[in-house]
Structure formats: structure tokens, C-alpha cells
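**Student:** Supplied in C-alpha cells, the structure appears directly below.
Chains as they are written, first to last, in this note's numbering: chain A, 167 to 273; chain B, 43 to 168.
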């Protein structure tokens, strides 16, 4: 199975900050990488697919980069509604696997 | 486009359970349906997927033999089933549509879960 390692597991930031979350795959997954946001009590929501493609309706302050084994989710100017948990997920091979998650909290 | 899941369940250890996920607003038979577990306060775990067109099913090794994924395409509904629940099955269970987008110049697809159900809470307690 492909292991997905996210860092940090949590971070504290202020509104307006630039936030970067990283995700590392245990083997080359090319750009088969998705990012999801989950707010408490809600289902996950797709943000980014194929490592860099923004899902329709997602604000442009979210962006993804990377390929191979190292990936990044960036929020350029954190908004109050962005405080949530973020998960990466590889779609390269079955079993699909998720990173452990990053909780973005208010500083 | 939406996926609507069945309501919360409270069961005793050893009991059986079948929860459902009904799709609408799109051609249900043409997209994989995935099931994802989230234990309290924990991350997301992929359980398996099913192709409604022919019931082709793939399981995570972590869940193979512990659950059964099925579908009734005439009802546009997928199911997740346990024959004998354990306390450790207590969790939130999500279904999601697995969308595929062709990778240019290849026969491969980018897959991602673009529509999610609201989740079904399963509580197993004596």
C-alpha cells in the first residue's frame, strides 16, 4: 500500500496568513493526488484534484503543487471559513489511501 | 447531483446492519461509488468501491472480509453491510462518487471523490 504522510498534523494561523501543508507519498504517484477540506460535523469537500486542478467553485486562494512523491496545498490568504481539517489522498493505485490530516486552527 | 445516506444506527455487538447511499441528478451506473470510514476524532479511511453498472467491487485489505459492498442500480443505491458488528465498527461512514477524468494522451484516468453523502453514524454498544 502507498503511505501518505502529511505535515504538520496541526497548525495555528491568523486570518490573512499564507498557509502551506505538505503531503509525501511512500512511492512515486506522479500527479495522482487529491486534497479535501473537512469542517467539523460535515462531510469532506474536494478542493484540488490531479495535484494542481482546482475543483469548480473552490476559491482561487487554494492551490496545489507537486508531483512524484512531494505535494503541497497552499492557502494564500487564510479566511475565517478556512479553519478546518485538510486531507491529501492518492489515486494512483488501490487501495486508495489518505494522509493523516492537518488541522488548521485559529491563532 | 447528490448522494443521500440512510440515517443513524444504534446496534448491539453481533447484530447485522445494512446502510444505504442513494444517488440522484446524474447517471448513477456510470460512476464508481466509494465508502470511507471516519472513526471518532480520526482521519479518513478508504474501505472500497463499487461500479454500479456491473457490481465490480474492490476492497481495501483492511476491510476485505469484514464488510460487504453491494448496489442496486435499479434503485440508484449502494449499500454497505456488516453481518456481525463489533464495538470497533462505531464510526461515521461516508459514501462518495468517484469521478474520472481522462489523462490527456493516455488511457488512464484521474480519479477523485467529488460528491459526498452527509454520512451515516453507526454506534455499536451493548
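Every residue, glycine too, gets a C-beta built ideally from N, C-alpha and C.
Which bits of chain A does residue 59 of chain B rub up against, with CB to CB less than 7 Å?
**Tutor:** Neighbours of residue 59 of chain B on chain A: none; closest Cβ ~20 Å, over 7 Å.
**Student:** Can you tell which of A:259, A:172, A:244 and A:250 has the C-alpha that lies nearest to the C-alpha of residue 196 of chain A?
**Tutor:** Per the Cα distances, A:259.
**Student:** Report yes or no: is there a C-beta of chain A within less than 9 Å of the C-beta of residue 104 of chain B?
**Tutor:** Answer yes: the Cβ-Cβ gap between residue 104 of chain B and chain A drops below 9 Å somewhere.
**Student:** Taking 9 Å as the threshold (beta carbon to beta carbon), is residue 156 of chain B in contact with chain A?
**Tutor:** Answer yes: the Cβ-Cβ gap between residue 156 of chain B and chain A drops below 9 Å somewhere.
**Student:** So is residue 78 of chain B in contact with chain A if we call contact Cβ pairs under 9 Å?
**Tutor:** Interface residue, yes.
**Student:** Can you name the start and end residues of the beta strand (DSSP E) that residue 86 of chain B belongs to?
**Tutor:** 86-93 is the span of the beta strand (DSSP E), which, as asked, contains residue 86 of chain B.
**Student:** Is any beta-carbon of chain A found at less than 9 Å from that of residue 120 of chain B?
**Tutor:** No, residue 120 of chain B does not count as interfacial toward chain A.
**Student:** What does residue 161 of chain B touch in chain A if you count any residue whose Cβ is under 7 Å from its own?
**Tutor:** By Cβ distance, chain A contributes 209.
**Student:** Would residue 272 of chain A be called buried (16 or more neighbouring beta carbons within 10 Å of its own) or exposed?
**Tutor:** Residue 272 of chain A should be labelled exposed.
**Student:** On the DSSP bridge assignment, give the partners of residue 224 of chain A in chain order.
**Tutor:** Answer is none; residue 224 of chain A lacks a bridge partner.
**Student:** Can you give me the C-alpha to C-alpha distance between residue 140 of chain B and residue 64 of chain B, rounded to a whole angstrom?
**Tutor:** Between residue 140 of chain B and residue 64 of chain B, the C-alpha separation is close to 14 Å.
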